[in-house]
Amino acid sequence: VYKPYIDDENTIVVSPHKIYGPETNDLVLQLRKRGIDTVILGGMSANLCTESHMRELIEQGFEVVMVKDATAAAITPELGDGYKTAVTNFGFIANDVLTTKEAVQKMNR
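Counting in this note's numbering, the sequence shown runs from -7 upward without gaps.
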């Protein structure tokens, strides 16, 4: 179902990651090969995959913009609100934290 959306000359498919971040796949290589230095990031689980990718990409020298309403996280009585925790960390670490609307507006400038 998704293949028509990614089979074009503008989409790069990287190898799968093993745990949460891009340390074990070729994401950083693919970005560097294309001269990309800024990543706009959203994703499935704010406090796991998305935050791990943000941290590693920052560590690798990329500018990272987090789109806070393009991700989510679990909330449990025992562990609390993973989303709030992740968004707090985004603010401490990322180069910028935006909503989807704000990110689209900046891209269209």
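A virtual CB, placed ideally from N, CA and C, is assigned to each residue, including glycine.
As the structure is a prediction and not an experimental result, all values here were calculated from the model.
Ala78 versus Ala62 - alpha carbon distance
Roughly 12 Å between the two C-alpha positions.
On the CB-based measure, 16 or more other CB atoms within 10 Å of its CB, does Glu43 come out buried or exposed?
Buried, by the Cβ-count rule.
Residue from Val56, Gly74, Lys93, Met36 with nearest C-alpha to Tyr12
Measuring from the Cα of Tyr12, the nearest candidate turns out to be Met36.
In chain order, what residues of the same chain lie with their CB nearer than 6 Å to the CB of Thr16, ignoring the 5 residues before and after it?
The beta carbon of Thr16 sits closer than 6 Å to the beta carbons of His9, Lys10 from its chain, once the five residues preceding and following it are set aside; these are given in chain order.
Simplified DSSP assignment, three categories, for Ile50:
Residue state, collapsed to three classes: helix.
Only counting the same chain, and skipping five residues up and downstream in sequence, which positions put a Cβ closer than 7 Å to that of Cys41?
These residues qualify, in order along the chain: Tyr12, Gly35.
Ignore the nearest five residues each way along the sequence and tell me which others in Val56's own chain have a CB closer than 7 Å to its CB.
The beta carbon of Val56 sits closer than 7 Å to those of Val31, Leu33, Met46, Leu49, Ile50, Ala86, Asn87, all from its chain and outside the five residues before and after it, given in chain order.
Gly34 by DSSP, collapsed to three states: which one?
Strand, per DSSP.
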